[in-house]
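The next block holds one structure in the form of structure tokens; read it before the comments.
Chains as they are written, first to last, in the numbering used here: chain A, -7 to 244; chain B, 18 to 357.
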């Protein structure tokens, strides 16, 4: 427990302290504390823009990926077991391909060659996360689906007069909610914390928090620490909202 | 015309026939048990009646209406599955209410029907519980209640007790019989347990390789098996072929005999046995004695032929022991002559 605390919490606490420190060198704790760097950060319009952009991409990606990936996983599992086997293999592909190759492929796909022009807009990021998001939904949702006797549940539901849609809505989706929450949280954190694809696909056209961290990386260490602390706070609050909202749905 | 009529029903999976030319009648308010070894086609037959498997030919009529081509949800059939198939995210009450909600009944009527069924099945204390927190017996009660609350025209039960331990199984079996008498529902019950079949069935259909080997009442099936296959499956018979009959009882005949273990009398050897018409006797050697509760099972050898004999295990009696010599007696009236 102590080791987990040391490895996971201490570095975050140290960064946060550094963001509020007046001076911190040669001592265990900072010599004094100040909100100067945090105030400077919040006064910077680039920061508020980056937070807004990151939240837009993360929430947009959550809506788009969950709308596309979750029904695809459910339908493949329930009705097309043969396709489901292919899906299991396909979802790991984006992680086997180097990021640069995937990013270049996405840029080519959305540059108008195939009738869709999204390059330079947040949509290229939102749609670009779909291949990465699929596996983050697939694994936890499949684990939940495997734990329920789906064929018998569908048969029992049909015999009591329910349509497949009603069975899906009232029984299957609530039963996989724990997996869905895990998928949503993982996808949210992927979208809000991604630097590689954000930088390669939109770069300075649409600066996200991670790109803003990159921009500040050559400057004041205190300011960077304040920014990372604020970033952690944004992620924590946003993920808590996602978990809270979906947990309420499970409880109801 | 019977309440449920199945005529000339057949089903194949590829080239393999699952069941062929099945004819079955089930009277209203009765339980028909389909019994047979694993893979004989009884569950697929039940699924065809439910509308979960499409038959290749034949008709299924329930209460005068041909339901052969109807969807499962349009047949008015309730089904209890072997592994319960309860809705895991719903409480006991919600599981029962789900089907009634699909019928768009008013909430007050749904609540009343659910509450009545919960009380009837003794599920009151667990009404708010989720399936994961219930015992196997409770889960099966919920599954039964979920089917019965819809007042189905026909209830199908697919080995509903086979996943339960012996004691709960016996208790639920008795409860099911009592419930059927009280509610008067019509049911087809699938099992591979002959004791369950004999206890629950008003009629029993013994299936072998996708066909009915015999259909009849429990006494008829138990007392007079029509074929060797039925005798081997029901009743734990001693099956004797003509050669063995001659060897043991010194009697010539051309048919096989099926003899219940309790139909053979065993006693200590007497110097001059009295022989009478229609009574066959033989000397035996006891090779084993097993206590089966109220019954003592003697395993004996009669001129090299192994037989099993059941005797009442009376209190204070001194049973014969392994290695003892004994004499057995069999009345001709207790012999079932079998067609192959």
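Backbone N, C-alpha and C fix where the C-beta goes; we use that ideal spot for every residue, glycine too.
Would residue 163(B) pass as an interface residue toward chain A - the criterion being a Cβ-Cβ separation below 8 Å? Numbered from its first residue, the second chain carries residue 163(B) at position 146. Yes - at least one Cβ of chain A is within 8 Å of the one on residue 163(B).
Under the three-state DSSP convention, the category residue 30(A) falls into: The count along the first chain starts at 1 and reaches residue 30(A) at position 38. In this structure, residue 30(A) counts as helix in the three-state DSSP scheme.
Please identify the residue among 212(B), 282(B) and 264(B) whose C-alpha is closest to the C-alpha of residue 253(B). Here residue 253(B) is taken as the residue at index 236 of the second chain, counted from 1. Comparing Cα positions, the closest option is 212(B).
Quick one: any contact between the stretch 18 to 27 of chain A and the stretch 226 to 241 of chain A, if contact means 3 or more CB pairs under 8 Å? Between the stretch 18 to 27 of chain A and the stretch 226 to 241 of chain A there are fewer than three inter-stretch CB-CB distances shorter than 8 Å, so the stretches are not counted as touching.
Nearest by alpha-carbon distance to residue 333(B): which of 311(B), 344(B), 324(B) and 173(B) is it? Translated into positions along the second chain, residue 333(B) becomes position 316. The residue from 311(B), 344(B), 324(B) and 173(B) with its alpha-carbon nearest to that of residue 333(B) is 311(B).
Could you tell me which of 276(B), 34(B) and 78(B) sits nearest to residue 351(B), measuring between CA atoms? Indexing the second chain from 1 puts residue 351(B) at position 334. The residue with the shortest Cα to Cα distance from residue 351(B) is 276(B).
Is residue 145(A) close to chain B, meaning its C-beta is less than 8 Å from at least one C-beta of that chain? Position 153 of the first chain, counting from 1, holds the residue named residue 145(A). Residue-level contact check: residue 145(A) touches chain B, since one or more beta carbons of chain B fall below 8 Å from its beta carbon.
Which residues, in chain order, does the stretch 57 to 91 of chain B contribute to contact with chain A at a C-beta distance below 9 Å? For the stretch 57 to 91 of chain B, which is checked against every Cβ of chain A, the residues closer than 9 Å are 64, 67, 68, 69, 88, 89, 90 and 91.
Between 96(B), 347(B), 152(B) and 20(B), which has its C-alpha nearest residue 257(B)'s C-alpha? In the second chain, the residue the question calls residue 257(B) occupies position 240. Nearest C-alpha to residue 257(B): 347(B).
Cβ neighbours of residue 156(B) in the same chain (closer than 8 Å, five flanking residues each side left out): The residue labelled residue 156(B) in the question sits at position 139 within the second chain. Scanning its chain for C-beta atoms nearer than 8 Å, with the 5 sequence neighbours on each side dropped, one finds around residue 156(B) the residues 101, 103 and 148, in chain order.
Selected residue, minimal CA-CA separation from residue 48(B), among 32(B), 20(B) and 226(B): In the second chain, residue 48(B) corresponds to position 31, counting from 1. The candidate whose alpha carbon is nearest that of residue 48(B) is 20(B).
Chain D beta carbons: is any one of them nearer than 8 Å to that of residue 237(A)? No chain D appears in this structure, whose protein chains are A and B.
Quick check on this structure: which residue in 64(A), 39(A) and 91(A) has the alpha carbon closest to the alpha carbon of residue 190(A)? Translated into positions along the first chain, residue 190(A) becomes position 198. Nearest option by C-alpha distance: 91(A).
Residue 140(A) versus residue 123(B): straight-line alpha-carbon distance, rounded: As a working note, residue 140(A) is residue 148 in the first chain. As a working note, residue 123(B) is residue 106 in the second chain. Whole-angstrom Cα-Cα distance: 30 Å.
For residue 259(B), which residues in the same chain have their Cβ closer than 8 Å to its Cβ, ignoring the five residues on either side in sequence? Translated into positions along the second chain, residue 259(B) becomes position 242. Answer for residue 259(B): 269, 270, 271, 272 and 273, listed in chain order.
Which whole-angstrom value is the C-beta distance of residue 318(B) and residue 301(B), which I expect to be below 8 Å? If you number the second chain from 1, residue 318(B) lands on position 301. If you number the second chain from 1, residue 301(B) lands on position 284. Indeed they touch by this definition, with Cβ atoms about 6 Å apart.
Does residue 24(A) come within less than 8 Å of chain B when only Cβ atoms are used? For this step, residue 24(A) is matched to residue 32 along the first chain. Chain B, which has no Cβ nearer than 8 Å to the Cβ of residue 24(A), makes this no.
Leaving aside the five residues before and after residue 12(A) along the sequence, list all residues of the same chain whose C-beta is less than 6 Å from its C-beta, in chain order. To locate residue 12(A), count along the first chain from 1; it is residue 20. 25, listed in sequence order.
By alpha-carbon positions, which one of 144(A), 37(A) and 51(A) ends up nearest to residue 119(A)? Position 127 of the first chain, counted from the first residue, corresponds to residue 119(A). It is 51(A) whose Cα lies nearest to the Cα of residue 119(A).
For residue 141(A), go through chain B and note every residue whose CB falls closer than 7 Å to its CB, in chain order. Translated into the one-based positions of the first chain, residue 141(A) becomes position 149. Within chain B, the residues near residue 141(A) are 100 and 102.
Compare the C-beta of residue 153(A) against all C-beta atoms of chain B and say whether one is closer than 8 Å. Working through the first chain from its first residue, we reach residue 153(A) at position 161. Yes, because at least one Cβ of chain B sits closer than 8 Å to the Cβ of residue 153(A).
What are the boundary residues of the beta strand (DSSP E) that includes residue 96(B)? Sequence index remark: in the second chain, residue 96(B) carries index 79 (1-based). First-last of the beta strand (DSSP E) with residue 96(B): 94 to 97.
Could you tell me whether the Cβ atoms of residue 117(B) and residue 162(B) are closer together than 8 Å? Within the second chain, residue 117(B) is the residue found at index 100, counting from 1. Within the second chain, residue 162(B) is the residue found at index 145, counting from 1. Between residue 117(B) and residue 162(B), the gap from beta carbon to beta carbon reaches 8 Å or more.
Kindly indicate the opening and closing residues of the alpha helix (DSSP H) around residue 60(B). As a working mapping, residue 60(B) is identified with position 43 in the second chain. Residue 60(B) -> alpha helix (DSSP H) spans 59 to 67.
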